[in-house]
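Please read the structure below before turning to the comments.
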Amino acid sequence: MPEAPELQVAVEFLGERLPGQAITEAQVLKPSVVRSLAEPLPDDAVGREFVAIARRGKFLLLSLTGGYSLVINPKLTGGIQFVPAKQRVLKKTCVRFSLSDGNDLRYVDDRQMGQFYYVPDDLVETVPGLAEQGPDVLDDFSFDDFKAGLKGFSGEIKGVLTRGRVIAGIGNAYADEILFRAGVYPFKKRRALSDDELRRIHQCSREVVLDAVEQVRQRMGNQIDHKLRDFLAVHNKGGQPCPQCGNAITKLRANQRITSYCRRCQPGMLLRN
Ligand SMILES: [Zn+2]
Numbered sequence: 222m223p224e225a226p227e228l229q230v231a232v233e234f235l236g237e238r239l240p241g242q243a244i245t246e247a248q249v250l251k252p253s254v255v256r257s258l259a260e261p262l263p264d265d266a267v268g269r270e271f272v273a274i275a276r277r278g279k280f281l282l283l284s285l286t287g288g289y290s291l292v293i294n295p296k297l298t299g300g301i302q303f304v305p306a307k308q309r310v311l312k313k314t315c316v317r318f319s320l321s322d323g324n325d326l327r328y329v330d331d332r333q334m335g336q337f338y339y340v341p342d343d344l345v346e347t348v349p350g351l352a353e354q355g356p357d358v359l360d361d362f363s364f365d366d367f368k369a370g371l372k373g374f375s376g377e378i379k380g381v382l383t384r385g386r387v388i389a390g391i392g393n394a395y396a397d398e399i400l401f402r403a404g405v406y407p408f409k410k411r412r413a414l415s416d417d418e419l420r421r422i423h424q425c426s427r428e429v430v431l432d433a434v435e436q437v438r439q440r441m442g443n444q445i446d447h448k449l450r451d452f453l454a455v456h457n458k459g460g461q462p463c464p465q466c467g468n469a470i471t472k473l474r475a476n477q478r479i480t481s482y483c484r485r486c487q488p489g490m491l492l493r494n
């Protein structure tokens, strides 16, 4: 799942290339991912130019001239490609826009679980899931705001973080990284966390993502649909030594997903209820 670091770098990349470019041709290859909330894609989009590119949590927002926007929720396997028009169209390509500079903007999605919305600007906030997003992980929000946002959530802290309502932009991988840096057991219930632990989670969220943006920015190049994750400390590194204490990293499957953590640096007990 693309998370804030990859999407942030993709937004920077597209922000330097897309504004001012017109859509000269539009093709929907996999209609199941497309949601048009007024006029239908593809015909209505042709002739419009890109205006601005932004990210909110794990959503991408691409605004067009004439008061329309593309809102992309890539979910598990979605991604954007910006490639020369002559480059081979992969089987996973769902939407293809030809651009006035001879490049293509393509939405690719192996499992077609993502959603690609074409909406008038005044309906952007009605895109499912978008308005419920909490403050973005890269926004500078205070510890008090973070604590206030946590009220009403009682589950395990990792699940709370990945839902996007308290902090937006964090998925399975970066939740593991943040909790490792904060030294917090991922399955600890929100109510059992001390003020000090919450303070560390709040601080480490932004730090971990900022560090990752820097790593991804240096190495992503033009393959903005790729997920560079090899520099992570614990996520998907089960059995490898913990970078802090050398103990083998634990990798287990719980709640239908992989969680990686260090038993020594993030002590806690897995309680089943
Ligand atoms: Zn450790």
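Take 222 as the starting number for the sequence shown in my numbering and just add one per residue.
Glycine included, every Cβ here is placed at the ideal spot set by N, Cα and C.
With DSSP as the reference, please indicate the residues paired to residue i in a beta bridge.
i, result
"R256", "Y338"
"D325", "V304 and S319"
"K410", "E377"
"V292", "L282 and Y338"
"P226", "Answer is none; P226 lacks a bridge partner."
"P464", "BP columns for P464 are empty, so no partner."
"I470", "DSSP lists no partner for I470."
"R276", "L281"
"E270", "A243"
"A475", "R478"
"E248", "Inspection of the sequence shows that residue 248 is occupied by Gln rather than by Glu. DSSP output for Q248 lists R317 as bridge partner(s)."
"G299", "D330"
"A389", "D357"
Can you check which of these residues, the options, is closest to residue i by C-alpha distance?
i, options, result
"E428", "N468, F408 and F362", "F362"
"G299", "E246, V255 and A403", "V255"
"E233", "A369, T480, D330 and I445", "I445"
"C425", "L491, N443, K409 and I399", "I399"
"V329", "F367, V316, L320 and V230", "V316"
"F280", "A259, Q477, V405 and V358", "V358"
"S238", "K368, L320 and K251", "Before going on, a small fix: residue 238 reads as Arg here, not Ser. The shortest Cα separation from R238 among K368, L320 and K251 belongs to L320."
"Y339", "E260, G489, R440 and K472", "E260"
"L258", "R309, P341, R474 and L473", "P341"
"V310", "V272, K410, Q248 and D416", "Q248"
"E418", "R402, P252, G376 and D331", "R402"
"K368", "D360, R411 and R384", "R411"
"V267", "I274, I470, L291 and K251", "L291"
"G278", "D343, G350 and L250", "G350"
"F271", "L262, G288, D264 and P263", "G288"
"L297", "A273, I274, G323 and D331", "D331"
"P263", "D416, A273 and F318", "F318"
"G380", "D366, D360 and Y406", "Y406"
"A273", "P240, D343, I293 and F374", "P240"
"I391", "D366, A433 and S415", "A433"
"R420", "D343, N443 and D366", "D366"
"K251", "E227, K312 and D265", "K312"
"S415", "I378, P462, N443 and G385", "I378"
"E227", "N443, C483, N468 and Q461", "N443"
Looking at residue j and residue i, is the spacing between their C-beta atoms short of 7 Å?
i, j, result
"Q354", "A389", "yes"
"T245", "R269", "no"
"F364", "H423", "yes"
"P295", "P356", "no"
"T314", "R327", "yes"
"R478", "C466", "no"
"Q229", "R276", "yes"
"D325", "A306", "yes"
"S284", "D397", "no"
"L282", "F408", "no"
"F452", "Q436", "yes"
"A413", "H456", "no"
"S253", "Q333", "yes"
"P464", "A454", "yes"
"I301", "A225", "no"
"Q489", "K472", "For the sequence presented, residue 489 should be read as Gly rather than Gln. Against a cut-off of 7 Å, the Cβ pair of K472 and G489 comes out as no contact."
What distance in whole Å lies between the Cβ atoms of residue j and residue i, which are believed to be in contact at a cut-off of 8 Å?
i, j, result
"F303", "L382", "Actually they are not in contact, since the Cβ atoms of F303 and L382 sit about 30 Å apart, beyond 8 Å."
"V387", "L371", "6 Å"
"Q487", "G404", "6 Å"
"L431", "M441", "Going by Cβ atoms, the distance from L431 to M441 rounds to 16 Å, so no, they are not a contact pair."
Is there at least one non-hydrogen atom of ligand 2 closer than 6 Å to the beta-carbon of residue i?
i, result
"R421", "Judged by which ligands are present, ligand 2 is missing from the structure shown, whose ligands are ligand 1."
| In chain order, what residues place their C-beta within less than 6 Å of a heavy atom belonging to ligand 1? | C463, Q465, C466, N468, C483, R485 and C486
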